[in-house]
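Chains as they are written, first to last, in the working numbering: chain S, 1 to 244; chain B, 1 to 244.
Every residue gets a Cβ at the ideal spot worked out from N, C-alpha and C, and that includes glycine.
The structure displayed is predicted, hence computed values, not measured ones.
Protein chains: 2
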Amino acid sequence: MNNRQTKPESVIARPDADNTGAEGNQRAIRDAIRDAIVDRRLLPGTKLTETDVGALFNVSRTLVRGALQALAHEGLVTVERNRGAFVANPSPEEARQIFATRRIIEPGILMEAARHMTPSHFRQLREQLVDEGRLMNERGQSARRAEIKASGDFHLMIAAMTGNAVMQRFMDELIARSSLVISLYGQSTVSSCGHNEHTEIVDAIEAGQMDRASRLMVHHIHHIEADLDLRVRRANELRDVLLP
Amino acid sequence: MNNRQTKPESVIARPDADNTGAEGNQRAIRDAIRDAIVDRRLLPGTKLTETDVGALFNVSRTLVRGALQALAHEGLVTVERNRGAFVANPSPEEARQIFATRRIIEPGILMEAARHMTPSHFRQLREQLVDEGRLMNERGQSARRAEIKASGDFHLMIAAMTGNAVMQRFMDELIARSSLVISLYGQSTVSSCGHNEHTEIVDAIEAGQMDRASRLMVHHIHHIEADLDLRVRRANELRDVLLP
DNA sequence: ATCCGCCAGATCGTATACAATATGCCTCGC
DNA sequence: GCGAGGCATATTGTATACGATCTGGCGGAT
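What follows is the structure, encoded as structure tokens:
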């Protein structure tokens, strides 16, 4: 079905993220669940019972709990006291806030990254663009997933080029949550215009037109958000649904 | 000694931060340790032995571990596998990254916040400025701590005014880490010029001169960083110290 | 005297046990 | 038939237990 297993999970080196010192086990669980969420194999609202997850990985609830709490911290999981953990189901409002945050942050990142870019970095970006283009022309669920991931990787790649680990970690979280939101609210109509915009952005950077690049980036994020259907309340915010 | 206990910990409502669902206990421990770190009652590098902390709060290691991992995620604590948790000891490089991140983010936050500001918000800011001024004229350790906290609160207050919870959480973390860095690398010479700059910023916003406000904010953050002595490696980064 | 290995204490990593809480079903009374 | 109460089950919250790993000191060999 999907051959994602065989290819490296992501081009971007995940910064040792949190210094949680968590050994490989907890980390592995967390990463597995995170990928599953971002990839939409785990649908929003899905209950993540500690025992069940533990059974899957052959570990005790202790480790699972740790992983779930970490994911909660990243915003990919919500935990309700005495009720358990669920795959996050971001509200339209939360989605808007995520993209608003990105519009605030990413132009600045772009500027900062540009100051550190070497020819090798540009090559890396161009390769990424090629990959995106390839995925854009494929069909099927798995390709769409890969496309969302690749699209996020582009932004992460730029963030990584700032050499700023603090920034990179924030972006990591933002992109993960964005992916979740996109798979939740994304229209079926392919939002592949994104690819062209990525290309334009790289062109602008390479041409030294940083103002233009910044503007393009803001528009690009706007477009991503515009491609969502945030009118529908996709699921159970119950209170908002029931009370007038 | 310090009367901080009697006054509300912070003017800013901490957004339910992570949805860690963690019950009051773990949350309480985390907050207590966080405050102690940011307030510099716990010095960087201090070992936080799970058993000891647990004894202090009369809880088991389980909860302490959770709290420490959360703090690690926030960057206030580092955890070394099989060695335990320590109060973070941010390197000068990390300090630079934190302030670089703030310079990228905060102007945008300012713009966004300004769009939502009501007269009531301005009153709130003015009150904050008065508090800062009062603290500036006091002497003593406790006053200095309060000053650092108040200075951070100003920035948090603006972030809160964006109404963007995602953003607010990032800033929360950034400010906490900034406070830690300031108490680590801050010169004894009072960096109280900050207060005047805060005032100027509010003035600019109120006058609708957002460009000016943004520039002032960037400069302000630059000044905070400039007041640090990042040349000295304050403590044990060992590798960098030993290897030529 | 110095260095090496070994043992003991401390501390962490993980699993398990027990208590607390929520959920669903089932019965009982009306 | 319908609703209330209560028990059974499932799941979480917290504590404890046990094995693993690190740290530091002691004694013997060189």
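In summary, residue 222 (chain S) is exposed, with fewer than 16 beta-carbon neighbours lying within 10 Å of its beta-carbon over all protein chains present. Contacts between residue 164 (chain S) and chain B, judged by CB atoms closer than 8 Å, involve 97, 100, 101 in chain order.
Counting only residues of its own chain and dropping the five nearest sequence neighbours on each side, residue 26 (chain S) has a CB closer than 7 Å to the CB of 63, 66, 67. Of all residues in the segment 103-121 of chain B, the ones placed with a Cβ closer than 7 Å to any Cβ belonging to chain S are 104, 105, 108, 109, 112, in chain order.
Contact with chain S is found for residue 170 (chain B), since one of that chain's Cβ atoms lies less than 7 Å from the residue's Cβ. Taking each of S:44, S:61, S:45 in turn and checking the Cα distance to residue 52 (chain S), the smallest one comes out for S:61. Straight-line spacing of the CA atoms in residue 163 (chain B) and residue 58 (chain S) works out to 42 Å.
Apart from sequence neighbours up to five positions away, the residues of its chain that approach residue 150 (chain S) with a beta-carbon distance below 8 Å are 128, 131, 132, 135, ordered along the chain.
Taken through DSSP and simplified to helix, strand or coil, residue 138 (chain S) comes out as coil. With a threshold of 16 other beta carbon atoms within 10 Å, residue 120 (chain B) falls short and is exposed. At least one CB atom of chain S sits nearer than 7 Å to the CB of residue 167 (chain B).
Unbroken beta strand (DSSP E) stretches of 3 residues or longer found wholly inside the segment 84-141 of chain B: 84-87, given in chain order. With fewer than 16 other Cβ atoms from the protein chains shown falling within 10 Å of its own Cβ, residue 126 (chain B) counts as exposed.
The segment 36-49 of chain S and the segment 29-45 of chain B do not touch, with fewer than 3 CB-CB distances between them shorter than 8 Å. In the structure shown, residue 64 (chain B) falls within a helical segment according to DSSP collapsed to helix, strand and coil.
From the listed residues B:79, B:88, B:98, the smallest Cα separation to residue 50 (chain B) is found for B:79. One finds 65, 66, 69 in chain B with Cβ atoms closer than 9 Å to the Cβ of residue 66 (chain S), taken in chain order. Annotated as proximal: residue 76 (chain B) and residue 37 (chain B), with beta-carbon spacing under 7 Å. Shown here for residue 201 (chain B): same chain residues with a beta carbon closer than 8 Å to its own, the five before and five after excluded, namely 110, 213, 216, 217, 220 in chain order.
Shortest Cα-Cα distance from residue 56 (chain S) to any of S:73, S:70, S:33 involves S:33.
Here residue 85 (chain S) has 48, 68, 77, 79 as same chain residues with Cβ atoms under 6 Å from its own Cβ, once five neighbours each way along the sequence are excluded. The beta carbon of residue 204 (chain S) sits closer than 8 Å to the beta carbons of 210, 212, 213, 216 from its chain, once the five residues preceding and following it are set aside; these are given in chain order. Excluding five sequence positions before and after residue 117 (chain S), the CB atoms of its chain that fall closer than 8 Å to its own CB belong to 161, 205, given in chain order. The alpha-carbon separation between residue 170 (chain B) and residue 170 (chain S) amounts to approximately 8 Å. In this structure, the beta-carbon distance from residue 175 (chain B) to residue 156 (chain B) falls below 7 Å. Ranking S:108, S:113, S:153 by CA distance to the CA of residue 173 (chain S) puts S:153 first. Between residue 166 (chain B) and residue 98 (chain S), the C-beta spacing is below 7 Å. Secondary structure note for residue 78 (chain S): its beta strand (DSSP E) is the uninterrupted segment 77-80.
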